[in-house]
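Asker:
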Amino acid sequence: MAFYLWRSNRLENLLAPFFGLMTEWHDPFRKEWVVVQNPGVSTWLSEQGARHFSVWAQVRYLYPRHAIEQLIQQSHPEYAPNPFDLDRLTWSLYAELPAFLHLPEFAKVAAYLADGDPLKRYQLARKLADLFDQYPLYRADRVQAWEQGKESHWQAVLWRKLVQEPGQDHLARWSALPFEKPELGQKARELPQRICLFGFSAMPPLFLRWFQRIAQVLDVHLFAFSPAPHYFGETQKTRKGERPEDIPHLLHQWGKLGADFQDLWAETIPHAIEVSNLFLPREGQGTLARLQREIQTFQTEAANVEADSSLQIHSFHNPLRACQGLKQFLFKQFQENPGLKPEEILVMSPQLDLYAPYIESVFQADPDSRSIPFHIADQPERNEGPVVQSFMALLQALVSRFPVEEGLDLIQFEPFQQRFDWSPEDLEEFEAACEQVKIDWGFNAVTRGQAGGLALDYKTWHFGLNRMLLGSVMPHDSGLFGGYLPHSQWSGLASEKLAQFVHFFSGLSTAWDFVQNEHPLEAWLEWANQLLDRYYPQTEKWFYPIQQVRTALVTWSQSFPESVCVPFSVFRLALQHLLSVRVSPHGFLSGGVTFCAMRPMRCIPHRIICLIGLDQSVFPRRVDRDPFNLMAEKPEPGDRNAREEDRYLFLESVLAARETLYLSYLGQSAKDGSEMVPSAVVQDLLDWIGPRAKDWVVQHPLHAHSAEYFAADSDLYTFETRDRDLLIQSLQAQSPEGVVPIRKPFPQPESGITQIALADLIAFWRNPPKYFLKRRCHLEEPLGWQVPAAELNLQPKLKNHLAQEVVDRLLKGHPVNRIRQEILASGYLLPASAGLRQWELVWQAVEPWQALIQQRLHLGVQLHDLEVDLPSGVRIVGRVITDPNLQLWKLTYSKPYLGAFLSLGIHLLTLSAANYPPPLCAELHFLEDKPAHFKGFSAPDPIGLLEQLCAGYRLGQTYPLPFFHRSGLGYLQGGKESAHKNWKDEVQKWEVASTFGCPSSPFSAHLGLAGENSETASFEALMNRVARPIFQAFQGL
């Protein structure tokens, strides 16, 4: 029995001797044991084996620890495999730590945990558990010395306590015992004939020593990738033709991990048999071939590196553009290489989680464009993600202030929508209701108080949901009930939906009460299962991912020590570690272009290898000093080092590319276009290229439809016809002002306009562009102005809104005290005394007009239901309210504007057209200005004016009419010249957008004007044809 070593710079060269071993005679009932580093290698070996043998069976893939433990059990049945798992260690350390804090050795630990924070204690326990899991693998001699009492360090004391417990065992303790091969019986038949270790670039020293001992009773074959045939630990020696000493050799820069592995197996297995030299020189004249050849031979060829397509480096602004650029690169490769197959392309990224959504978006099949078959490996199993993400979001809600935005985001998760049968329309309706009832944050008064706010129920979820519930069962305008102002949006079927929303959020409030106390871990698991029962659907689609979570919880409970109580903060963090997204082994090399994460031995040979996301801050990973890691005090060959692992992984990737190597990184700021530095390994490559390195980097523009891709003298290219069409459209649609106007009118409503409600006609002429946006474009008015500021002074628009509310309630005959209570309970104002002060500001604005309102109320009102048939076939229907003398008056808290005059005039025109006798008097009061008194209203042709108004209404359904109320009033009062200036100012400021509370709103782009002169003429025509006759009909204006 012996240890055999097979090495090559090409992984495929190792297949021939590996398959040769498979053809040797062996017991057909024994499986071949192949030890691999990750599932990617096993997938590739199975694929190659099936191609070579047609049938690939009786092969068992194992990881090194599992293989060693199973072999130990064959010789020593009393060995318990892997009892030192991470969770068991974590909870054992969490339980044991407090008992040691009084010892002198634990002085620093005691100081760190002096505040008694259990979360810090758990985090320390988990950190120590990870280190204690590594110590036997990388410092086996030291942990054995600890067990013999040779050190008094606090970690040594803690280690001795842990290993004294029954059942605590580890590989380092067994490494000194003899390993014997059973000769007879079932255990002998379960042993393999040999063990093959395939594709390793590094291995913990303890594992290597174990395989060396196993080689005494079984043949062990190590098939290792090696970038060079000879020892490359020191490549800085002066050699003929080498680069200057200030530029280190790339193998020295990237190959430290491989050099350490060479040292380790040479020291551990000095008598290993190196069967044959499987290294082949790299042929070819391209840049990639030259790079690979120099790494293999240590020899520098020419002084300058000439650019070609075999090595490409691309710089982008963001991940989306990086994926778009990669797709165009692959299209070009398929165009230039007709025999190229998608399976021969491998794309890796150190930021796969970030890039995966963009990859799916860019590469998914599109009927209108070309597509490339692809698969993304290393992704969560189907439907597992939404369950875990939504469950962790539920738990996060219990420790946050739970603002309304977080609650509305929470109900967007698909499992919750299916559990409670919510439609997108239900969610939109509930979101609008939350805005209207003014939910701010906090479950209730208690949660608000504990979060540092006033312990008031005002504007909490409890406050808002109570308002919704009362509104669903109480009549409209019924006043306060139990201190809450009912919100009457919900009725009928919507009430059932409301009950489901209340059930959802009330359950969270109950859960909040539970998490305020510590509980045993078993109680926490029972509570977590109750949450799964309450919030998740019991349907076939979701059964498997939910059951996966339940199974994980049950398995997790087996590692719990007895009688350990933890707070919610510890349980939530531990559960997050448990349910962190697990990677599926499926998808790697499963057809099409493979996208995967950058992991050791993932760089299987491919014709084209692409590495994306090689940013300076991400790759290679940074290694921060860990004060608890005793291995860092004196590093040894074979120690784990994430930064060196990444460098060696890049080296493997460079050598695995057979024809083309494509590299990309985010090298341009999306904010200002400034240059950003690439990854250190890319910079090493640019240094190797030499002074002309900058010419190698392809700088891509910010947008995929940039004109640079279509310029005749540009090296950039694209195969997307949609990008070309977008560029053409954008160039054609550009106007001097940079606004794309609405040039093509909307069609008229399909049903036609034969009847117009009086309220709609008035709402339209108050602001025609705003009406068009809301009714035809379905652009809702932002409600941000309704949220009061934190300061005592009210925002002007909110003050006007509340003042008008008070006026309307006074006109209904409500007493002032009731109005005050309802406004305070509406959620618009600040809580407590600050809200009372804001109410005083509102009341001070309305109080001077109280006497006039009371006087009008004593006169009483008359309701007039009107129907006016116009010659054009349009009927106007609606209700007009006057006093017994047919006097119509309006009380508005605002500055004078044309829309208010038109509103009053349309009411009077409708009365006149309905043949109501004179006098048709009117009185318009602006609370911020002097009232306008009219002696009467006399229009020579009310029917004709109503026809003009209805014609403008029909036209306004297809196009935003250039009709603005402030400049319009100036036009009627100050003449054409003054109004023209006001009109131009209003166009520039886009007053239509400002009425939505956002002067720089994107709505303004929808109202671009085709030309100033034509629109000015239309504005004047509307003023003269519609507004001026109505304005002049008021007598005494």
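First residue of the sequence shown? That's 31 in my numbering, and the numbers climb one at a time after it.
No residue lacks a Cβ here, since even glycine has one placed at the ideal position from N, Cα and C.
To the nearest whole angstrom, what separates the beta carbons of residue 392 and residue 354, a pair I think is in contact under 8 Å?
Answerer: Rounded, the Cβ-Cβ distance is 6 Å, consistent with contact.
Asker: In angstroms with no decimal places, state the Cα-to-Cα distance between residue 1039 and residue 722.
Answerer: Because residue 1039 carries a pLDDT of 38, less than 50, the predicted location of this residue cannot be relied on, and no value is offered for it.
Asker: Looking at the secondary structure, which residues open and close the alpha helix (DSSP H) in which residue 464 lies?
Answerer: Segment 454–467, the alpha helix (DSSP H) holding residue 464.
Asker: By the three-class DSSP mapping on this structure, what secondary structure does residue 480 have?
Answerer: Here residue 480 sits in helix by DSSP.
Asker: With distances taken between CB atoms, is the gap from residue 868 to residue 854 smaller than 7 Å?
Answerer: In this structure, residue 854 does not lie closer than 7 Å to residue 868 by Cβ.
Asker: For the segment 32–46 and the segment 247–262, state whether three or more C-beta atom pairs, one from each stretch, are separated by less than 8 Å.
Answerer: Because the criterion of three Cβ pairs below 8 Å is met, the segment 32–46 and the segment 247–262 touch.
Asker: With distances taken Cα to Cα, identify the nearest neighbour of residue 64 among 166, 83, 136 and 229.
Answerer: For the residues 166, 83, 136 and 229, the minimum Cα distance to residue 64 belongs to 229.
Asker: Who are the near neighbours of residue 363 in its chain, counting only those whose CB is closer than 8 Å to its CB and skipping five residues on each side?
Answerer: Here the set comprises 370, 375, 638 and 690.
Asker: Roughly how many whole angstroms lie between the Cα atoms of residue 716 and residue 115?
Answerer: Approximately 44 Å between the Cα atoms of the pair.
Asker: With distance defined between alpha-carbon atoms, name the residue in 223, 237 and 236 nearest to residue 248.
Answerer: Cα-wise, what sits closest to residue 248 is 223.
Asker: Could you pull the DSSP bridge partners for residue 639 from this structure?
Answerer: Answer is 376 and 691, bridged to residue 639.
Asker: Pair every Cβ in the segment 930–939 with every Cβ in the segment 793–801, then say whether three or more of these pairs are closer than 8 Å.
Answerer: Touching, yes.
Asker: Starting from the C-beta of residue 286, find all residues in its chain whose C-beta is less than 6 Å away, skip the five residues before and the five after it, and write them out in chain order.
Answerer: So the list reads 674, once near-sequence residues are dropped.
Asker: If residue 299 sits next to residue 242, beta carbons under 8 Å apart, how far is it from one beta carbon to the other, in whole angstroms?
Answerer: That pair is a contact at about 5 Å.
Asker: Assign residue 168 to one of three DSSP states: helix, strand, or coil.
Answerer: DSSP places residue 168 in helix when its eight states are reduced to three.
Asker: Rounded to whole angstroms, what's the CA-CA distance from residue 918 to residue 941? Just pull it up for me.
Answerer: Distance between the alpha carbons of residue 918 and residue 941: 10 Å.
Asker: Would you say residue 535 and residue 491 are within 7 Å of each other, going by their C-beta atoms?
Answerer: Yes, Cβ-Cβ distance for residue 535 and residue 491 is below 7 Å.
Asker: So, at 8 Å on beta carbons, what are the nonlocal neighbours of residue 851 in its own chain, with the 5 sequence-adjacent residues on each side left out?
Answerer: For residue 851, where only same-chain residues beyond five positions count, the Cβ hits under 8 Å are 510.
Asker: In the DSSP output, what is residue 569 paired with across the bridge?
Answerer: None; residue 569 has no bridge partner.
Asker: Can you find the residues in the same chain that come closer than 7 Å, C-beta to C-beta, to residue 671, ignoring five residues on each side of it along the sequence?
Answerer: Cβ within range, chain order: 653.
Asker: Would you mind reading off the limits of the beta strand (DSSP E) that contains residue 624?
Answerer: 623–627 is the extent of the beta strand (DSSP E) around residue 624.
Asker: So what's residue 711 in DSSP terms, helix, strand or just coil?
Answerer: Helix, per DSSP.
Asker: Could you pull out every unbroken beta strand (DSSP E) segment of at least 3 residues lying fully inside the segment 60–136, listed in chain order?
Answerer: 62–65 and 89–92, all fully within the segment 60–136.
Asker: If you follow the beta strand (DSSP E) that residue 911 is in, where does it begin and where does it stop?
Answerer: From DSSP, the beta strand (DSSP E) with residue 911 extends over 905–912.
Asker: Can you give the Cα-Cα distance for residue 273 and residue 718, rounded to whole angstroms?
Answerer: Caution applies to residue 273, whose pLDDT of 43 falls short of 50 and renders its modelled position unreliable; the model cannot decide the point.
Asker: Nearest-angstrom Cα distance between residue 141 and residue 175?
Answerer: Cα-Cα distance, rounded: 27 Å.
Asker: Whose C-alpha, out of 885, 709, 977 and 61, is nearest the C-alpha of residue 903?
Answerer: Comparing Cα positions, the closest option is 977.
Asker: Can you check whether the CB of residue 906 is closer than 7 Å to the CB of residue 893?
Answerer: Their beta carbons are not under 7 Å apart, which means residue 893 does not touch residue 906 by this criterion.
Asker: Hey, could you find the ends of the alpha helix (DSSP H) residue 298 is sitting in?
Answerer: First-last of the alpha helix (DSSP H) with residue 298: 286–298.
Asker: Tell me whether residue 683 sits in a helix, a strand or coil according to DSSP, three-state version.
Answerer: Helix, per DSSP.
Asker: Which two residues bound the contiguous alpha helix (DSSP H) that contains residue 830?
Answerer: It spans 826–841 - the alpha helix (DSSP H) in which residue 830 sits, taken as one unbroken run.
Asker: Exposed or buried, which one is residue 625 when buried takes at least 16 other CB atoms within 10 Å?
Answerer: Label assigned to residue 625: buried.
Asker: When the Cα of residue 1002 is compared with those of 101, 790 and 1063, which residue comes out closest?
Answerer: When each option's Cα is compared against that of residue 1002, the closest is 1063.
Asker: On the three-state DSSP scale, how would you describe residue 778?
Answerer: Residue 778: coil per DSSP, three-state reduction.
Asker: What did DSSP end up calling residue 750 once you bin it into helix, strand or coil?
Answerer: Coil, per DSSP.
Asker: Which of the three DSSP states is assigned to residue 735 in this structure?
Answerer: Coil.
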